[in-house]
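Read in order, the letters of the sequence shown correspond to residues 419 to 772 in the numbering used here. Every residue gets a Cβ at the ideal spot worked out from N, C-alpha and C, and that includes glycine.
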Amino acid sequence: MERLRVGIIGCGQIAQIMHLPYLMELPHYEIGAVCDISAKVVNTVGEWYGVSDRYVDFEALLAQSDIDIVAILTMDHSDIAEAAAEAGKHLFVEKPFCFDPAEGRRVLSAAARNGVKLMVGYMKRYDPGYEYGMARMRAMDDVRLIRVHDFAGDFTVHEPLYTLVTGDDIPQDVLADGAAKIDAASTKALGPNHTHLSSLYNMLLMLSSHDLSILRGAFGAAEGVLFSDAISPTEILSVLDFGPQRRCVFEAGVWPDYLWWDEQLTAYGKSETISIEFPNPYVKYAPTTVTIQQNEGGSPITKVAPVSHEEAFRLEWLHFYDCICEDREVRTSGADANADVELAVEMVRAIQVR
Ligand SMILES: NC(=O)c1ccc[n+]([C@@H]2O[C@H](COP(=O)([O-])OP(=O)(O)OC[C@H]3O[C@@H](n4cnc5c(N)ncnc54)[C@H](O)[C@@H]3O)[C@@H](O)[C@H]2O)c1
C-alpha cells in the first residue's frame, strides 16, 4: 500500500487529540513534517510522534518536496491553503473553510488550477450514525419540518482526558494579528450593516458550520433564509427554506454552563420522526445515536440505535486516502463548504438591524 506523507500545519488541540494519533496509527499515512508558530508545541509534538522535520514557518514545510498532503489545522486557513495548493499539495482543511467566501473562492481556484484534492474536515459527515440516520431521513418523502439544534456547552470538559501541550510561548502581538485578520475577513463578508454581529457569525462558523454541512448532506442546499434573529451575541435562531412545504428551524449557540453536548438533526414526517444525536466530538468513540419514533401496529414506539463506535475523525482520513489514490470525489468538498459559509453570511444578514 502506498503511504501518503502528511505535513501538519497547526499542532494545537484538534491536531493533538485527533489528527496526529489517527495519522500515526493508519498504515495509509506517514507524518512527514510538523509546523506550528509555537516552537514549544512543534518540538514537543515532533518528539512525541518521532517527526524530525519541524518548522515554525509554514512556507518552509510547503517547500518540502516529499509531502503529499498538507493538513491545515490552524484557526485561519485561506492563505495557507492557497499557498499549499500552489505548491502542489493535496489539502485537508479544518472547518470553517474560511471566514469570507471571497477567500474561499481563491482557495478553490488555486486547488483547481493545480489539480489537487481538497477536503474540508467535516468529520460528522463520515460518522456511521449520521450515515444511517441521514439515509433514513432521505427515504422519508413527507418531511415538512427539519430541526437543527446545537447548543454547545463547556468546551473544557474533555481536557482532563488528554495530555496536551499548549503554545504559551507565542508573542501576544502575533496572536492579536491572527485574531484581527479573522475579524477583518468576517467584517468584509458581513458588510457594514452587520459588522456588530461578527461574534455571532464566528460562532456560527466555528461551531455550526458542522450543522450546515450535515443539513446539506441530508437535504441538499437551502433555497434561502426566511427569518433570522440574534437571541444574544452568541445565539442565533433562523428559519431556512427547503422548497414547497419544507422548512428548517436552525437553533445554535454557546451555553457555557451546559456540561453536556446538545446537538441534533431531526426530521419530522407525518407518521415518523427521526433524530440524529451527536456526542461531544472531543470524546473519542462515543456513538452518535439515532432515535426513531413511528407507529407500529397502532401503537407509538421509540427505537434508539447507538449505531457504531467507529471514530469519524479516523474515517474521514480513510475517505481522503481513497479520494487521492483512486481519484474519487471528496464528499465534503471545498465548494460545498464555501456554500456553507455563504449561507452563514445570509443567515446573519437576514437579522433585522433594530
Ligand atoms: N472538526 C472538529 O470538530 C474540530 C474541533 C475543534 C477544532 N476544529 C478546527 O481546527 C482548527 C484548530 O482548532 P484547535 O482547537 O486545534 O485550535 P488551537 O488554537 O488549539 O490550535 C491551533 C494551532 O495552530 C497554530 N498556528 C496558528 N497560526 C499558525 C500558522 N500561521 N502557522 C502554523 N501554526 C499556526 C497555533 O499556534 C496553535 O497551536 C480550527 O479551524 C477549528 O475550527 C475542528
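Collapsed DSSP secondary structure at residue i in the structure displayed
{"i": "C743", "result": "helix"}
{"i": "D680", "result": "strand"}
{"i": "I588", "result": "coil"}
{"i": "H437", "result": "helix"}
{"i": "E512", "result": "coil"}
{"i": "K688", "result": "coil"}
{"i": "V748", "result": "coil"}
{"i": "R472", "result": "strand"}
{"i": "T605", "result": "helix"}
{"i": "H567", "result": "strand"}
{"i": "I769", "result": "strand"}
{"i": "S693", "result": "strand"}
{"i": "N713", "result": "strand"}
{"i": "G596", "result": "helix"}
{"i": "Y580", "result": "coil"}
{"i": "A478", "result": "helix"}
{"i": "F409", "result": "Limits of the chain in this structure are 419 at one end and 772 at the other, which puts residue 409 out of reach."}
{"i": "N620", "result": "helix"}
Exposure label - residue i; buried when at least 16 CB within 10 Å
{"i": "P519", "result": "buried"}
{"i": "I455", "result": "buried"}
{"i": "R543", "result": "buried"}
{"i": "F573", "result": "exposed"}
{"i": "D568", "result": "buried"}
{"i": "N620", "result": "buried"}
{"i": "H437", "result": "buried"}
{"i": "N756", "result": "buried"}
Residue i - containing alpha helix (DSSP H), residue span
{"i": "G425", "result": "Here G425 belongs to no alpha helix (DSSP H); instead the beta strand (DSSP E) covers 422 to 427."}
{"i": "A704", "result": "Run containing A704: none; DSSP gives neither H nor E here."}
{"i": "H628", "result": "627 to 637"}
{"i": "A451", "result": "Careful: A451 lies outside any alpha helix (DSSP H), inside the beta strand (DSSP E) at 447 to 453."}
{"i": "A391", "result": "The requested residue 391 does not occur in the structure, where the chain is confined to residues 419 to 772."}
{"i": "L444", "result": "First-last for L444: undefined, no H or E at that position."}
{"i": "Y550", "result": "546 to 557"}
{"i": "P519", "result": "519 to 532"}
Candidates the options: closest to residue i by CA position
{"i": "W509", "options": "S726, K688, G687, I426", "result": "Here residue 509 turns out to be Leu, not Trp, going by the sequence shown. Cα-wise, what sits closest to L509 is I426."}
{"i": "Y540", "options": "S483, V424, L491", "result": "L491"}
{"i": "A528", "options": "R767, L761, G752, E681", "result": "G752"}
{"i": "L633", "options": "L618, F660, N611", "result": "F660"}
{"i": "P439", "options": "K458, M419, V469, A457", "result": "V469"}
{"i": "T652", "options": "G687, L615, A639, L677", "result": "L615"}
{"i": "D586", "options": "E747, V459, V766, I742", "result": "V459"}
{"i": "A730", "options": "P546, A451, L479", "result": "P546"}
{"i": "E549", "options": "I694, Q590, D745", "result": "I694"}
{"i": "R646", "options": "G635, F637, L658", "result": "Checking the sequence shown, residue 646 turns out to be Ser, not Arg. Ranking the options by Cα distance to S646, first place goes to L658."}
{"i": "A457", "options": "V474, Y447, P445, E443", "result": "V474"}
{"i": "D560", "options": "T750, A755, Q663", "result": "Q663"}
{"i": "L441", "options": "L479, P674, A489, Q590", "result": "A489"}
Opening and closing residue of the beta strand (DSSP E) in which residue i lies
{"i": "E729", "result": "Run containing E729: none; DSSP gives neither H nor E here."}
{"i": "S656", "result": "653 to 659"}
{"i": "G642", "result": "642 to 650"}
{"i": "M537", "result": "536 to 538"}
{"i": "V667", "result": "665 to 672"}
{"i": "A723", "result": "717 to 724"}
{"i": "A489", "result": "487 to 490"}
Integer-rounded CB distance, given that residue j should sit under 8 Å from residue i
{"i": "T684", "j": "R565", "result": "4 Å"}
{"i": "C743", "j": "E420", "result": "6 Å"}
{"i": "V424", "j": "G450", "result": "6 Å"}
{"i": "I487", "j": "L422", "result": "6 Å"}
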